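Residue numbers (the numbering used here), protein chains in the order written: chain A, 3 to 288; chain B, 15 to 180. Beta carbons: idealized from backbone N, C-alpha and C, even for Gly. In this text the structure is predicted, and so the values were computed from the model without any measurement. Input: a single structure, listed below in C-alpha cells.
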Ligand SMILES: Cc1cc2nc3c(=O)[nH]c(=O)nc-3n(C[C@H](O)[C@H](O)[C@H](O)COP(=O)(O)OP(=O)(O)OC[C@H]3O[C@@H](n4cnc5c(N)ncnc54)[C@H](O)[C@@H]3O)c2cc1C
Ligand code: FES
Ligand code: FES
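This is the structure:
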C-alpha cells in the first residue's frame with residue numbers, strides 16, 4: 003500500500019484517477035481503517051485529504067456554511083454559529099461513535115461510506131445540503147441525497163472527491179432536528195433515524211419542510227409526502243399523524259436482529275413526530 | 015515497500031520514526047517506540063484501550079495511520095505522570111480500585127483526562143457519556159466513574175487554592 007497526503011484537491015483527484023489498483027480517500031479513517039483491519043479491503047493507495055488547505059475549515063459565507071471535507075465531528079460541535087443555525091445537523095454528526103471517534107469522523111466520510119444508517123445523512127438531506135465534488139474533469143455540486151446509491155455504493159466517479167458540504171443560509175424562523183433509535187444509550191448503529199427541517203411564517207404556519215429517513219431503506223430517503231403533511235399547518239395533531247403515516251409508508255426496511263420490519267416502520271413515524279416538534283420549537287413556534 | 019519517515023512530538027519530545035504505509039499509530043507506538051501503555055483491545059475503534067490524543071484531541075490510535083501524524087503532537091499515557099508524581103486521576107484510580115486486570119486502564123485515564131481538560135466539572139451523566147468509547151470487562155464501570163469524580167474534585171479544589179494564593 004502507498005500513502006499519499008497531497009496539499010490540493012486537484013492533486014488528490016489526479017492521484018486517485020491515475021491509480022490502477024484499489025484507491026481510497028482517507029478522511030477520519032473511522033470506516034476506512036476498520037475495513038482495512040477487518041480485511042474487507044486491501045488498498046493499493048490511500049490518499050489522505052487532511053493536509054489539503056481549507057479541508058479542515060468551517061466557513062460562514064454569504065450563502066450559508068461551507069464545511070471542509072476533513073472537519074471532524076468534535077470541531078462541528080464546537081462551532082457556535084453553525085450549531086445555532088443548524089442544530090439538527092450538528093446533533094446528528096455528534097451522535098457518531100464515541101468521543102474518540104468524534105475526534106476524527108467527518109460528515110463527508112459518513113456520506114461517502116454510504117451506510118443506510120449513517121447518522122448525519124438524514125439531517126443533511128433534510129437541511130437541503132449540497133456536496134461540492136472535485137474530480138479530474140473539474141468541479142460539480144450535487145444534492146447530498148444523490149451521492150449514496152445503495153449500501154456502500156456512491157455515484158462518485160473514479161477520481162472524484164467531496165471537497166466540502168454546503169449548508170444553505172437560514173431563513174428566519176427555521177429549525178431542524180435529528181433523532182435516532184438505538185437499542186443502547188450510546189455507541190450503536192441507528193435502527194431508524196429521522197431528520198426534520200422546517201421554516202415557519204409569522205403566524206407559526208409551516209411554509210417549508212424537508213423530512214428524511216435513515217436505516218429504513220437501502221439509502222437515506224427524502225420523503226416529500228411527509229414534508230407535504232406539514233406544509234400549511236401549525237403541526238397540529240392531525241398534521242403530525244399524517245407526517246407519521248407518510249414516513250411509515252416510505253419505509254422499506256430490512257428485518258434483522260437489531261429491529262424487525264414492523265418495529266422500524268412504527269418507530270419511523272414516532273420519531274418523525276418527535277423530531278418535528280423539536281424542529282418547530284427551534285424555529286420559534288409553539 | 016519503502017518506509018515512510020515521520021517526525022512528530024510525543025508527550026512533548028520530538029520523535030522520529032519510519033513506518034509502513036498501512037501501519038497504525040498504535041503499532042508504531044507499541045512495536046517501534048516501546049510505548050506499550052496504549053493497548054490493543056479490538057483494533058476497530060470500539061474499546062478505547064488504544065486511546066491517545068492527537069493535537070489534544072482524543073482518538074483511537076488503532077484507527078490512525080502512523081504516517082498521518084507527521085508534524086502533529088501525540089499524547090500518550092506515558093506522559094501523564096510528572097516523573098514519579100502520579101496524576102490525580104491515576105491516584106484516584108488506585109484509591110478507588112477502579113481497575114482489576116488493568117488492560118483498559120491506560121485508555122480510560124487518557125480519555126478521562128481529555129474529558130476533564132474540556133469540562134473540569136462534569137456531571138455523572140457527562141462522565142458516563144464521555145467514557146462511552148472505553149470498554150471495561152472487569153470493574154462494572156461504577157468505580158471508574160467514582161474515581162473520575164474524585165479526581166475532578168481534587169483538581170478543582172487545588173485550582174481554587176492556587177487562585178486564592180495568586
Ligand atoms: C466505534 C465506531 C462507532 C461508530 N458509530 C457510528 C454511529 O453511531 N453513526 C454513524 O453514522 N457512523 C458510525 N461509525 C462509522 C463512522 O465513524 C462514520 O461513518 C464516519 O462519519 C466516517 O467518517 P470518516 O471521516 O472517518 O470516514 P473515512 O473512514 O475516512 O471514509 C469513509 C469512506 O468514505 C470515503 N471518503 C471519505 N471522505 C471522502 C470524501 N471527501 N470524498 C469522497 N469519498 C470520501 C472513504 O474512501 C471511505 O470509503 C462508527 C465507527 C466506529 C469505528
Ligand atoms: S484497540 Fe483501538 S479501540 Fe479497541
Ligand atoms: S480492569 Fe479489566 S478490562 Fe477494565
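- The alpha-carbon of residue 113/A is positioned some 10 Å away from that of residue 154/A.
- Chain A places a beta carbon closer than 8 Å to that of residue 78/B, counting this residue as a contact.
- In this structure the segment 185 to 196 of chain A touches the segment 209 to 224 of chain A; the number of beta carbon pairs closer than 8 Å is three or more.
- Interface annotation, residue 52/B: not in contact with chain A, CB-CB separation never under 8 Å.
- Nearest neighbour of residue 51/A by Cα position, chosen from 229/A, 145/A, 251/A, 15/A, turns out to be 15/A.
- Taking 7 Å as the cut-off, the C-beta of residue 116/B counts as close to a heavy atom of ligand 3.
- Just so you know, the alpha carbons of residue 260/A and residue 97/A end up roughly 18 Å apart.
- A distance below 7 Å between beta-carbons, with the five flanking residues on each side excluded, links residue 171/B to no residue of its chain.
- Of all residues in the segment 33 to 67 of chain B, those with a C-beta nearer than 7 Å to a C-beta of chain A are 35, 36, 57, 58, 59, 62, 65, reading in chain order.
- DSSP links residue 180/A through a beta bridge to 197/A.
- Contact between the segment 251 to 271 of chain A and the segment 61 to 71 of chain B is absent: fewer than 3 CB-CB pairs across the two stretches fall below 8 Å.
- With respect to chain B, the C-beta atom of residue 5/A has a partner C-beta closer than 8 Å.
- The beta carbon of residue 161/B sits no closer than 8 Å to any beta carbon of chain A.
- Residue-level contact by beta carbon holds for residue 188/A and chain B, with a gap shorter than 8 Å.
- Going by DSSP, residue 31/B is part of the beta strand (DSSP E) stretching over 27 to 33.
- Taking 8 Å as the cut-off, the beta carbon of residue 118/A is found no closer than this to the beta carbon of residue 180/A.
- Straight through space, the alpha carbons of residue 45/A and residue 38/A are spaced by roughly 8 Å.
- Distances from the CA of residue 250/A to each of 116/A, 139/A, 226/A were compared; the closest alpha carbon is that of 226/A.
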